[in-house]
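Report on one structure; see the data block that follows.
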Amino acid sequence: MFRRLLSVSGFTLLSRITGFIRDILQAAVLGAGPMSDAFIVAFMFPNYFRSIFGEGTINPAFLPRYAALHARGEHGDAALFADRVFSWQMLAQLVVLLAALLCMPAIIHVVAPGFAENPGQFALTVHLARITFPYLILTVVAIQLSAMLNAINKFWAAAAWSNFQNLGMIAMLLMAHWFPNAAYAAAWGVLLGGFLQLFFMLWAGRHDGLSLRIAWPKWTPEIREFFRAFGAVTVGAAGVFVAPFIDTIIASLLPAGSRTALYYADRINQLPLGVLGIALGTVLLPAMSAKLAVGDRAGSDHAQNRTASLSLLLTLPFAAAFVFIPDTIMRGIFAHGAFDKTAAALAAIALAAYGVGLPAMALSRIVQATFYARHNTATPARVTIAALLCNIALKVVFVWGFDLGIAGVALGTALGAWINVGVLTWIGHRRALLTMDAAFRRSLMPVLFAAIAAGAGGYAGSIALEHVHVPFRSEANLLLAMLLGGGAYGAVVLLFRRSLPLGRLAG
2 MFRRLLSVSG FTLLSRITGF IRDILQAAVL GAGPMSDAFI VAFMFPNYFR
52 SIFGEGTINP AFLPRYAALH ARGEHGDAAL FADRVFSWQM LAQLVVLLAA
102 LLCMPAIIHV VAPGFAENPG QFALTVHLAR ITFPYLILTV VAIQLSAMLN
152 AINKFWAAAA WSNFQNLGMI AMLLMAHWFP NAAYAAAWGV LLGGFLQLFF
202 MLWAGRHDGL SLRIAWPKWT PEIREFFRAF GAVTVGAAGV FVAPFIDTII
252 ASLLPAGSRT ALYYADRINQ LPLGVLGIAL GTVLLPAMSA KLAVGDRAGS
302 DHAQNRTASL SLLLTLPFAA AFVFIPDTIM RGIFAHGAFD KTAAALAAIA
352 LAAYGVGLPA MALSRIVQAT FYARHNTATP ARVTIAALLC NIALKVVFVW
402 GFDLGIAGVA LGTALGAWIN VGVLTWIGHR RALLTMDAAF RRSLMPVLFA
452 AIAAGAGGYA GSIALEHVHV PFRSEANLLL AMLLGGGAYG AVVLLFRRSL
502 PLGRLAG
């Protein structure tokens, strides 16, 4: 399983690197103001609708049945099931696309009410959203083929395809002078990236003998079961979908640049989450489903415990760095061009708050796999709704009750993630579905020590050059913080290596 994990993480890391380059270029070109806020709101729509209609629902609702059919050698039935699901997906997303294009001004009024005070910004947001939204339907084929490839243990293409969106946006941002303003360049880059992703996944699927065809969307028992699971997971994914819109509503009522600051802070927070947390969850669900299908409960529990331990080992150091040295990170990466140090400082406040919830965000997919692998999508859905309501309430209290601004928005997200994981873990234990074995418990203290060492080392590196005049000070501070933090972390991991899962990765 972990060899597959390394494949997923490698390509996901490449995606994060190209995304990093895109974000740095985007920040330098767009800056942090009304134009940047307008693009980020427009960019949010296809991304989060994709989370609802894409990976977030296809994997748990479609993958277990498709994988089971393949495992039993029923390839024809698997292909027919995939074609019917694809046809229903296309039909649903065409309706969503047409409705969104027609109603976009009303949608922007709802999700960014503060923009109405600036008619120019409001009109720009509507135009940009109409350009970016068709990206959603371009990803239908890519998302479904990604799930099908995962089901037959072909993970690399599914991990690699998101690179192409980044490459499309980078290309358009480099040609920004050809557009009315840089925001239009970024928006057309989103659409170009969608076409590139589509062509890549069509090629990858054909390479492994998989394809999708439009079939008459019959309402069969299998499709009924799929939509029952799809509906439950969609409700469960509401936290992924609704929370960012709540963030946008709140940020639009805060000073200009607030939505941009949240976006770049979240992008940094998503780097370890995407490379490690999501990769772990992606590989774990098929592994647990396969083991449970043959009655291997012990093997399923073992895989889950190893994955959870590794997730904490690899994400807690990042969380410590985000809390200890957020300003050093944001200045070193983004404070260039139109994105000045004031904008970086605002984003750093949000990053520190997001860091509090990073481990919970990484663990969420691992804990959810306990239920999804048993075809139980309802329990995670109910828990996510409850956590979402807590998330929203906390944001309102923090932003307006305690006057924390964007820090309150990010902190509400972080605490909501911990509520979600905590409640799911409690339910899993109560139903005897989730077991923390001795090896997992033994790894907790060394993992915590390693994270503290990483944060302390990073902080020491961030202040070491405080009174030294060097060129590129922000970049030098970040580099030294990474070296000292990474060195301290590595030393602690080496010291406690017998209590950590590193020696058992090959299993």
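For the sequence shown, the residue numbers in the working numbering are 2 to 508. Don't be surprised by glycine CBs; every beta carbon is placed ideally from N, CA and C. Just so you know, these numbers come straight off a predicted model, no measurement behind them.
Local conformation of residue 76 per DSSP, three classes
helix
Just to confirm my understanding: we take residue 117, look at its own chain, exclude 5 residues before and 5 after, and list those with CB closer than 8 angstroms. What are they?
110, 123
Indicate the three-state DSSP secondary structure (helix, strand or coil) for residue 171 in the structure shown.
helix
Thinking C-beta only, is residue 68 closer than 7 angstroms to residue 152?
yes
Between the segment 340-358 and the segment 478-488, are three or more C-beta pairs nearer than 8 angstroms?
Touching, no.
For residue 350 versus residue 408, is the C-beta spacing smaller than 7 angstroms?
yes
Same chain, Cβ closer than 6 angstroms to residue 77, five either side skipped, listed in chain order:
Closer than 6 angstroms at the Cβ level, and outside the excluded window around residue 77, lies no residue.
Just mark residue 215 as buried or exposed, buried being the case when its beta carbon has 16 or more other beta carbons within 10 Å.
exposed
So, helix, strand or coil for residue 467, using DSSP?
coil
Residue 29 vs residue 130 beta-carbon contact at 7 angstroms
no
Give, in chain order, every unbroken run of the alpha helix (DSSP H) that is at least 4 residues long and sits entirely within the segment 429-453.
none
Would a C-beta distance cut-off of 7 angstroms place residue 419 and residue 361 closer than the cut-off?
yes
Per the contact definition of three or more C-beta pairs closer than 8 angstroms, is the segment 78-93 in contact with the segment 209-223?
Contact check between the segment 209-223 and the segment 78-93: three or more CB pairs, one atom from each, fall below 8 angstroms, which counts as touching.
Spatial neighbours of residue 422 in its chain, beta-carbon cut-off 7 angstroms, leaving aside the 5 residues before and after
361, 364, 365, 368
What are the boundary residues of the alpha helix (DSSP H) that includes residue 312?
298-325
Cβ contact check for the segment 425-441 and the segment 452-467: 3 or more pairs under 8 angstroms
Counting Cβ pairs under 8 angstroms, fewer than three are found: no touch.
If you draw a straight line from the C-alpha of residue 154 to the C-alpha of residue 142, how long is it?
18 angstroms
According to DSSP, is residue 295 part of a helix, a strand, or is it coil?
coil
Buried or exposed for residue 464, please, with buried defined as at least 16 other CB atoms from any protein chain shown within 10 angstroms of its CB.
exposed
Spatial neighbours of residue 40 within its chain, please: CB distance less than 7 angstroms, with the 5 preceding and 5 following residues excluded, ordered by chain position.
31, 129, 184, 187, 188
Three-pair Cβ contact test at 8 angstroms for the segment 226-234 versus the segment 371-382:
yes
For residue 210, count the other beta carbons within 10 Å of its own beta carbon; 16 or more makes it buried, fewer makes it exposed. Which is it?
exposed
From this set, 451, 352, 71, which residue's C-alpha is nearest residue 268's C-alpha?
352
Curious, which full-length alpha helix (DSSP H) runs of at least 4 residues does the segment 341-380 contain?
Correct list: 342-373.
Can you round the beta-carbon distance between residue 249 and residue 45 to whole angstroms, since I take them to be within the 8 angstroms contact cut?
At roughly 6 angstroms, the Cβ-Cβ gap stays under 8 angstroms, so residue 249 and residue 45 are in contact.
Helix, strand or coil: how does DSSP classify residue 120 here?
Note: residue 120 maps to helix in three-state DSSP.
Does residue 176 come out as helix, strand or coil in the three-state DSSP assignment?
In the structure shown, residue 176 adopts coil according to DSSP, grouped into three states.
Tell me whether the beta-carbon of residue 262 lies closer than 7 angstroms to the beta-carbon of residue 347.
yes
Please name the residue in 64, 306, 74, 115 whose C-alpha comes closest to that of residue 501.
306
Distance, Cα to Cα, residue 311 vs residue 273?
13 angstroms
Using the Cα positions of residue 33 and residue 257, report the straight-line distance between them to the nearest angstrom.
As the crow flies, the alpha-carbon of residue 33 is around 8 angstroms from that of residue 257.
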